[in-house]
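K.L.:
So the sequence shown is numbered by numbering that gives the first Met the number 0: it starts at 0 and just counts up by one. One structure, pasted below without further comment.
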Amino acid sequence: MLPTQSSGPGAFARFDLSRVPSPSFVVDEEKIRSNLKILTEIGKLSGAKVLLALKSFSMWSLASLIEEYLDGCCASGLWEARLAREKAFTGIKKQKILSTFCPALRSTELEEICELSDHLVFNHPKASGVEYAASHQVSLGLRINPEISLGLDPKYDPCAKQSRLGWPISKLSESDLSPFEGLHFHTLCEQNFAPLLQTWKKIENALGSTLKKFSWINLGGGHHCTRSDYDQDGLIELIDEISQKYDCQVYLEPGEAVTLDAGILVGEVIDLMNSNAMHALLDLSATCHAPDVIEAPYRPALLGDIEDGQHPYLLGGASCLTADSFGEYRMNNPLRIGDRVAFLDQAHYTMVKTNTFNGVKLPAIAIWNSQTDNLSMVREFEYEEFVNRLS
């Protein structure tokens with residue numbers, strides 16, 4: 000069986016799924032606030048500045064909440080950089096840090112990216128645009144590949160053999176570093192502290208006193224530091240040690256840690272089919288609404304799934320792709336047409352990846368406050384969202 004990811008339903012165990020249209024994403028702003036408080040405390044105790052990774056979560060209707068706690072955000076290119084500045088993820092008057100990294104940058108976009116960004120991270124020392132950016136008021140960083148594979152899946156491992164992400168540390172020379180004020184590495188994915196510590200020891204052994212050249216060091220993302228079993232004390236101690244030893248500002252750029260267990264994807268059973276197995280066919284689609292279910296792959300946790308439940312179902316998606324399935328789940332009570340279901344921990348890497356393959360409808364977006372029980376609909380998508388992309 001594929002791995003299941005989620006810490007459990009939390010407050011969503013008491014959310015009435017019929018309160019939103021189907022399909023819908025529902026995001027609990029209080030759970031996000033709880034995660035943000037943890038990240039803020041980590042920053043306060045360690046001296047790190049914590050940035051939101053927009054590639055994971057860019058729901059700008061919650062930008063003011065995120066901006067209240069974090070030190071800025073990181074972007075993956077021009078459009079995310081614009082989103083950060085225009086939608087107040089970084090403060091109305093550019094009060095907070097925006098760090099931008101893309102494996103390759105278009106020359107036609109460099110001027111605007113430099114204007115928007117505080118840090119601009121390049122993928123290798125001779126990357127196109129380094130000379131241009133060096134003449135503008137933006138702090139240049141270099142992404143390195145520490146060449147230590149500790150990721151759980153090769154598809155999400157930037158240190159995998161022949162990776163295009165970051166300059167291999169074994170090929171790095173002092174002359175390569177001359178234009179750069181910052182060092183960046185991002186090698187983890189949904190991991191605890193131990194792999195970060197192991198990675199840092201490899202970098203420190205390889206670069207030694209050269210690390211004193213940098214005014215900032217960005218430890219990237221993939222840190223599940225809002226998870227209950229994460230070694231937060233170890234992380235705080237390491238960051239403090241790095242900043243003191245090398246007299247630099249340390250940055251973290253978690254994505255999932257901001258929204259961990261803060262959202263659900265609500266759908267409806269629209270048909271049942273008992274063939275070689277019992278299928279519950281949904282108005283949801285893994286392919287269209289949660290692509291990581293297939294790409295990773297993983298089995299998302301389901302509200303009401305019971306390990307020894309008497310009623311097993313294969314929950315199938317709404318597209319024609321054979322593999323469009325969320326997996327097998329077991330329920331205490333049989334499902335009926337019209338029943339609502341909810342997949343857990345669906346705030347990150349879902350909304351940012353949705354698509355309209357097969358003309359499948361995009362899920363609506365709602366914000367729920369688990370403390371006050373207030374619910375507001377942010378957006379509902381109609382046929383125009385599909386047809387306007389294909390003109």
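Where is the CB? At the ideal position from N, CA and C, for every residue including glycine.
For Ser-6 and Thr-225, what's the separation of their Cα atoms in angstroms?
P.N.:
Looking at the two C-alpha atoms, the distance is approximately 11 Å.
K.L.:
For Ala-74, collect the residues of the same chain with a Cβ closer than 6 Å to its Cβ; drop the 5 residues on either side in sequence, then sort them by chain order.
P.N.:
For Ala-74, where only same-chain residues beyond five positions count, the Cβ hits under 6 Å are Leu-53, Ala-80, Ala-83 and Thr-99.
K.L.:
Determine the contact status of Ile-235 and His-183, defining contact as a CB-CB distance below 9 Å.
P.N.:
Their beta carbons are not under 9 Å apart, which means Ile-235 does not touch His-183 by this criterion.
K.L.:
Grab the span of the alpha helix (DSSP H) containing Gln-231 for me, first residue to last.
P.N.:
231 to 245 is the span of the alpha helix (DSSP H), which, as asked, contains Gln-231.
K.L.:
Kindly indicate which three-state DSSP category Gln-42 falls into: helix, strand or coil?
P.N.:
It should be noted that the sequence gives Gly, not Gln, for residue 42. Helix, per DSSP.
K.L.:
Is the separation between the beta-carbon of Glu-67 and that of Leu-38 shorter than 9 Å?
P.N.:
In this structure, Leu-38 does not lie closer than 9 Å to Glu-67 by Cβ.
K.L.:
Do Ile-96 and Asp-70 have their CB atoms nearer than 9 Å?
P.N.:
Yes.
K.L.:
Measuring CB to CB, does Pro-145 end up less than 9 Å from Lys-211?
P.N.:
In this structure, Lys-211 does not lie closer than 9 Å to Pro-145 by Cβ.
K.L.:
If we require 3 or more residues per run, which beta strand (DSSP E) segments fall completely within the segment 111 to 167?
P.N.:
Correct list: 118 to 121 and 138 to 144.
K.L.:
From Asn-387, Ile-364 and Val-129, pick the residue whose C-alpha is nearest to that of Trp-59; which is it?
P.N.:
Checked all of Asn-387, Ile-364 and Val-129; the closest Cα to Trp-59 is Ile-364.
K.L.:
Can you grab the Cα-Cα spacing for the pair Pro-333 / Pro-22, in whole Å?
P.N.:
Between Pro-333 and Pro-22, the C-alpha separation is close to 21 Å.
K.L.:
Helix, strand or coil, according to DSSP, for Asn-373 in the structure here?
P.N.:
Asn-373: coil per DSSP, three-state reduction.
K.L.:
How many angstroms separate the CA atom of Tyr-245 from the CA atom of Ser-177?
P.N.:
Approximately 17 Å, taken between the alpha carbons.
K.L.:
Might you give, ordered along the chain, the residues of its own chain that have their beta carbon closer than 6 Å to the beta carbon of Asp-15, omitting 5 neighbours on each side?
P.N.:
Closer than 6 Å at Cβ, skipping near neighbours: no residue.
K.L.:
In whole angstroms, give me the CA-to-CA distance for Leu-1 and Leu-389.
P.N.:
In this prediction, Leu-1 has a pLDDT of 47, which is less than 50 and means its spatial position is unreliable; what the coordinates show is noted afterwards. Approximately 35 Å between the Cα atoms of the pair.
K.L.:
Could you check whether Asp-323 and Ala-285 sit closer than 9 Å to each other, using their CB atoms as the reference points?
P.N.:
Yes; because the gap between Cβ atoms is below 9 Å, this pair is in contact.
K.L.:
Measure the C-alpha to C-alpha separation of Gly-207 and Ser-174 and round it to an integer number of angstroms.
P.N.:
When rounded, the distance between both Cα atoms is 15 Å.
K.L.:
Return the chain-ordered list of same chain residues with a C-beta closer than 6 Å to the C-beta of Lys-86, the five sequence neighbours on each side being excluded.
P.N.:
Contacts found: Trp-59 and Ala-62.
K.L.:
Which of the three DSSP states is assigned to Lys-86 in this structure?
P.N.:
Coil at Lys-86, not helix or strand.
K.L.:
Does the Cβ of Tyr-250 have 16 or more other Cβ atoms within 10 Å, making it buried, or fewer, making it exposed?
P.N.:
When all chains shown are included, Tyr-250 counts as buried.
K.L.:
If we count the other Cβ atoms within 10 Å of its Cβ and call it buried at 16 or more, is Gln-231 buried or exposed?
P.N.:
Under this definition Gln-231 is a buried residue.
K.L.:
Can you name the start and end residues of the beta strand (DSSP E) that Asn-273 belongs to?
P.N.:
First-last of the beta strand (DSSP E) with Asn-273: 262 to 273.
K.L.:
By a C-beta neighbour count over all protein chains shown, 10 Å radius and 16 as the cutoff for buried, is Val-19 buried or exposed?
P.N.:
Flag for Val-19 reads buried.
K.L.:
Quick one: what's got a C-beta closer than 7 Å to Tyr-348's C-beta in the same chain, skipping five residues either side?
P.N.:
Once the five neighbours on either side are set aside, the close Cβ partners of Tyr-348 are Ser-55 and Asp-291.
K.L.:
Starting from the C-beta of Thr-198, find all residues in its chain whose C-beta is less than 6 Å away, skip the five residues before and the five after it, and write them out in chain order.
P.N.:
So the list reads Pro-145, Ile-147 and Thr-186, once near-sequence residues are dropped.
K.L.:
Taking the continuous alpha helix (DSSP H) assigned at Ala-285, which residues delimit it?
P.N.:
Note, Ala-285: alpha helix (DSSP H), 285 to 288.
K.L.:
Could you have a look at Tyr-297 and say whether DSSP puts it in helix, strand or coil?
P.N.:
Tyr-297 falls in the coil class under three-state DSSP.
K.L.:
Residues in the same chain with beta-carbon distance under 6 Å from Thr-353, minus the five sequence neighbours each way, listed in chain order, please.
P.N.:
Cβ within range, chain order: His-288 and Leu-361.
K.L.:
Check the DSSP bridge columns for Ile-364 and list the partner residues they point to.
P.N.:
In DSSP, Ile-364 forms a bridge with Phe-24 and Arg-378.
K.L.:
Whole-angstrom Cβ separation of Phe-179 and Tyr-229, contact assumed at under 8 Å?
P.N.:
That belief does not hold up - the Cβ atoms of Phe-179 and Tyr-229 are roughly 30 Å apart, past 8 Å.
K.L.:
Quick one: is Gly-358 buried, meaning 16 or more other Cβ sit within 10 Å of its Cβ, or exposed?
P.N.:
Gly-358 is exposed by the Cβ-count criterion.
K.L.:
So the candidates are Cys-101, Gly-219, Lys-160 and Gly-90; which of them puts its Cα closest to the Cα of Trp-78?
P.N.:
Among Cys-101, Gly-219, Lys-160 and Gly-90, the Cα nearest to that of Trp-78 is on Cys-101.
K.L.:
Per DSSP, His-223 forms a beta bridge with which residues?
P.N.:
Beta-bridge pairing links His-223 to no other residue.
K.L.:
Can you determine whether any heavy atom of the ligand SAH sits closer than 8 Å to the C-beta of Cys-158, and answer yes or no?
P.N.:
This structure simply doesn't include the ligand SAH, nor any ligand for that matter.
K.L.:
Just the C-alpha distance for Ala-47 and Gly-76, rounded to the nearest angstrom, thanks.
P.N.:
Straight-line Cα distance between these residues: approximately 23 Å.
K.L.:
For Thr-321, count neighbouring Cβ atoms within 10 angstroms of its own Cβ and tell me buried if that reaches 16, exposed if not.
P.N.:
Classification of Thr-321: exposed, given that the 10 Å Cβ count is below 16.
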